[in-house]
DNA sequence: TGTTTGACCACGG
DNA sequence: GCCGTGGCCAAAC
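Okay, here's the thing in structure tokens:
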């Protein structure tokens with residue numbers, strides 16, 4: 057079964073460590089989607105049953121652009137702060153330091169594998 | 001089947 | 001360094 061870009065995005069987001077954040081563009085570029093919007097759209101399909109830490113995905117400015125899609129507008133910030141990520145004015149502080157680069161951490165030869173979905 | 005939309009990004013002024 | 005514009009690809013209407 058060929059994975060859709062949703063599944064690719066989900067797999068990558070699940071691999072984001074606690075206390076770290078990544079960006080839509082990083083995921084899009086890493087997956088070679090070429091369209092960062094698709095990442096956001098894919099995450100829009102997420103539900104709390106998916107077990108995907110979507111709160112660790114922010115836009116390139118570090119702003120919590122997707123907070124409005126959570127159960128509560130402040131939930132995203134709460135989750136990040138719980139993981140030790142400083143958030144102020146809906147923006148991740150010290151994004152440059154907390155940024156998690158998929159292609160750098162996983163390597164350019166990383167491939168989607170169903171087993172990745174079993175990780176939490 | 002064609003149009004619109006979307007949790008965005010890069011670029012130019 | 002901020003603002004406007006184009007592009008990007010797939011799903012929803």
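Residue numbers (our numbering): 57 to 176.
Think of the CB as a built atom: it goes at the ideal place given N, C-alpha and C, for glycine as much as any other residue.
Quick caveat, the model's predicted, so the values are computed rather than measured.
Query raised in the report: If we ignore side chains and look at the alpha-carbon of each, how far apart do residue 66 and residue 101 end up?
Result: 10 Å
Query raised in the report: Going by the beta-carbon positions, is the gap between residue 132 and residue 111 smaller than 7 Å?
Result: yes
Report task. Could you tell me whether any non-hydrogen atom of the ligand GDP is closer than 6 Å to the CB of residue 145? Result -> The model on display carries no ligand, and the ligand GDP is accordingly not part of it.
Query raised in the report: So, are the CB atoms of residue 156 and residue 76 less than 7 Å apart?
Result: yes
Query - Length of the line joining the Cα atoms of residue 141 and residue 96 - result: 21 Å
Requested in this report: Have a look at 130, 148, 158 and flag the residue whose alpha-carbon is nearest the alpha-carbon of residue 119.
Outcome: 148
Query raised in the report: Does the separation of the CB atoms of residue 68 and residue 83 fall below 7 Å?
Result: yes
Report task. Determine the DSSP secondary structure at residue 138, reduced to helix, strand or coil. Result -> helix
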